[in-house]
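> My questions all concern the structure below.
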Amino acid sequence: MNRLDRDILKIMPDGTEKHINPFTGTEVWFIPGRRNRPFASKRTENPEKIVKHSPEDYCDFCAGRYFNTTPEKSRIVLNNGQYECQDQLAPEDIFSKPAEFRRISNLFEIVTVNYWKKNFNYKLSDKNQRRKEKYLSSELGRNHVIAIINMKLKLSGYSEEQIKSISVDEKLAMSDAFFGGAHELIIPRRHYTEAAEYTTDLNASGSLTPVEHAEYFRFTIQSVRDIYDNNRYVRYVSVFQNWLREAGASFDHLHTQLVGLDEWGVSVERELELASRYPNMYNEFAANFAAYNNFVICENDFAIAFADIGHRNPTVAIFSKSEHCRPSEHTEQELKGFSDIVHGIHAAMGSNISCNEEWYYMPVDSVIPMPWHVLIKWRISIQAGFEGGTKIYVNPMAVSEVRDYLVPRLFDLRYQNRIAPFAIAEECPVKPNSLKYYLYKRTT
Ligand SMILES: [Zn+2]
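Under the working numbering, the first residue of the sequence shown carries the number 8, and numbering increases by one thereafter.
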């Protein structure tokens with residue numbers, strides 16, 4: 008029996024919920040009485056008063072430490088109230104103006120530039136090669152690159168002597184990852200919020216304004232495109248955000264990761280395989296299913312968010328309604344609408360729940376349509392031995408509790424004017440088959 012033919016949600020008389028993720032097959036139980044774990048990240052336990060610094064210099068992603076990261080690929084700045092993209096500034100100009108968002112390569116790549124070189128005979132594109140040469144032609148740029156390579160070697164366990172024994176030319180060759188690697192970070196400006204007093208007042212996705220959040224998404228999508236444009240072996244760019252340590256983040260400073268892959272990854276592959284057999288599955292088993300079970304949290308003309316089933320942690324799914332499947336194919340209005348809903352969910356969660364934001368979308372070489380969707384998974388559950396043995400996962404919250412946690416907060420945020428206008432809970436139109444991905448026509 009296929010998992011889509013099974014009963015994917017069953018609520019027992021004692022309140023136990025058993026659910027199966029229609030797309031992954033993950034079986035999850037919610038058992039009443041096992042819910043009283045705290046939500047908030049461990050880092051909230053002993054908040055300390057912040058000593059304010061301007062520019063911020065609390066971590067290497069902060070505005071006061073631009074040279075502590077790899078060379079910047081591009082940035083977004085505000086010019087007379089308008090966002091403007093600046094490509095590879097000269098190292099001498101890096102502190103000329105604060106960057107609202109920066110794009111840099113990850114110091115420790117998951118899929119390294121050598122992976123592409125050794126397995127695909129990958130070479131830096133002409134554009135990236137020119138950028139590398141230009142950056143290294145400046146003394147400041149060259150010293151910066153060598154300092155970062157030395158830091159990387161040190162963090163990788165090399166002794167001072169070993170680092171000294173590596174020639175400058177060899178070190179400069181190692182810097183290809185900074186200019187043509189496919190693992191990148193997008194970093195918003197602030198570490199703490201403008202009004203922050205304590206170390207718990209971090210600048211999270213939901214602390215941004217809806218306009219800033221949309222720009223964050225736009226810049227991320229533009230960077231995804233650039234990875235494809237400069238590495239023809241990339242078949243999918245995985246986009247995700249790890250928020251706080253419990254979610255795998257090594258910095259408390261907000262950032263999104265982009266990782267180019269030579270495959271789609273297991274999740275996307277499985278979803279597309281199912282989607283080829285069930286062309287309307289994202290309506291039937293996601294948006295419509297959520298509507299019929301009252302799991303919808305909020306909605307606008309461009310996206311719908313609901314508490315999702317079949318995850319070991321409480322999870323909110325946000326689906327784009329657009330017939331344009333890839334993020335880069337979304338119109339300006341569709342992108343803003345989708346971003347508004349994702350932003351609203353983050354804002355309602357607040358900045359102290361650790362979470363992963365994961366993007367799923369139609370790969371560049373797929374012909375099977377898949378709507379752009381984002382999962383926000385709260386990292387509040389600890390795996391028990393029971394789960395290892397049974398592959399049944401215990402989620403600490405009922406699906407409806409996730410909705411009930413967020414909905415009143417969304418109404419409060421709307422009252423405070425901190426989120427874009429959209430329908431919340433009962434206000435949502437929840438029309439059947441609201442996701443139009445099945446009408447997909449390739450535009451590029
Ligand atoms: Zn920082």
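All C-beta atoms, glycine included, are put in the ideal place defined by N, C-alpha and C.
(1) Can Glu365 and Phe247 be called in contact, C-beta distance under 8 Å?
(2) Any contact of the stretch 288-307 with the stretch 204-217, i.e. 3+ C-beta pairs under 8 Å?
(3) Do Ala221 and Lys80 have their CB atoms nearer than 8 Å?
(4) Would DSSP call Trp379 helix, strand or coil?
(5) So Asp67 and Thr77 are in contact, right, with Cβ under 8 Å, and what is the actual spacing, rounded?
(6) Once DSSP output is grouped into helix, strand and coil, what is the label at Ala202?
(7) What residue range is occupied by the uninterrupted beta strand (DSSP E) comprising Gly267?
(8) Whole angstroms is fine: what's the gap from Met8's alpha carbon to Ala297's?
(9) In this structure, does DSSP put Ser327 in helix, strand or coil?
(10) Residues in the same chain with beta-carbon distance under 6 Å from Pro62, minus the five sequence neighbours each way, listed in chain order, please.
(11) What's the gap between the Cα of Leu209 and the Cα of Leu251?
(12) For Thr227, count neighbouring Cβ atoms within 10 angstroms of its own Cβ and tell me buried if that reaches 16, exposed if not.
(13) On the DSSP letters alone, give me the boundaries of the beta strand (DSSP E) that Glu55 sits inside.
(14) Would you say Phe46 and Ile348 are within 8 Å of each other, going by their C-beta atoms?
(15) When DSSP labels each residue in this structure, what does Ser358 get in the three-state scheme?
(16) Closest to Ile311 by C-alpha separation, out of Tyr165, Phe302, Phe186 and Arg319, would be which residue?
(17) Classify Ile18 as helix, strand or coil using the three-state DSSP reduction.
(18) In whole angstroms, give me the CA-to-CA distance for Ala5 and Phe108.
(19) Within the present structure, is the beta-carbon of Phe68 separated from the nearest heavy atom of ligand 1 by less than 7 Å?
(20) Among the residues of its own chain, which have a CB less than 7 Å from the CB of Arg416, if the five just before and after it don't count?
(21) Counting only the same chain and skipping the five closest in sequence on each side, list residues whose C-beta sits under 8 Å from that of Ile431.
(22) Under a three-way DSSP split, which group does Thr33 fall into?
(23) For the 8 Å Cβ check, are there 3 or more pairs between the stretch 124-144 and the stretch 171-188?
(24) Quick check on this structure: which residue in His262, Thr33, Thr31 and Phe37 has the alpha carbon closest to the alpha carbon of Lys25?
(25) Using 8 Å as the threshold, is the C-beta distance between Thr31 and Ser274 below it?
(26) Less than 8 Å between the C-beta atoms of Arg239 and Pro370, yes or no?
(27) Going residue by residue through the stretch 107-194, where are the continuous alpha helix (DSSP H) segments of at least 4 residues, counting only ones entirely within it?
(28) Am I right that Phe115 and Tyr73 are in contact with their C-beta atoms under 8 Å? What's the rounded C-beta distance?
(29) Relative to ligand 1, is the shortest distance from any of its heavy atoms to the C-beta of Tyr65 smaller than 7 Å?
(30) Can you list the beta strand (DSSP E) stretches of 3 or more residues lying completely in the stretch 294-320, in chain order?
(31) Whose C-beta lies closer than 7 Å to the C-beta of Asn307 among residues of the same chain, with five residues either side of it excluded?
(32) Is DSSP giving Leu420 helix, strand or coil here?
(33) Can you determine whether any heavy atom of ligand 1 sits closer than 7 Å to the C-beta of His198, and answer yes or no?
(34) Sort Pro39, Pro378, Gly351 and Glu140 by Cα distance to Gly22 and report the nearest one.
(35) For the stretch 259-268 and the stretch 277-286, state whether three or more C-beta atom pairs, one from each stretch, are separated by less than 8 Å.
Concretely, from the data shown:
(1) yes
(2) no
(3) no
(4) coil
(5) Contact flag wrong, Cβ pair sits at about 10 Å.
(6) coil
(7) Thr263 to Leu268
(8) Legend: pLDDT at Met8 = 39, less than 50; position of this residue unreliable, value from coordinates given subsequently. Roughly 23 Å between the two C-alpha positions.
(9) strand
(10) Ala70 and Gly71
(11) 10 Å
(12) buried
(13) Per DSSP, Glu55 belongs to no beta strand (DSSP E) and is neither H nor E.
(14) no
(15) coil
(16) Phe302
(17) strand
(18) Nothing can be reported for residue 5, as the shown portion of the chain is limited to 8 through 451.
(19) yes
(20) Ala355
(21) Ile304, Cys305, Val414, Leu417, Phe418 and Arg421
(22) coil
(23) yes
(24) Phe37
(25) yes
(26) no
(27) 120-127, 133-144, 146-162, 167-172, 175-181 and 183-187
(28) Rounded, the Cβ-Cβ distance is 19 Å, inconsistent with contact.
(29) yes
(30) 303-306 and 310-314
(31) Gly344, Asp347, Ile348, Phe429 and Ala430
(32) helix
(33) yes
(34) Pro39
(35) no
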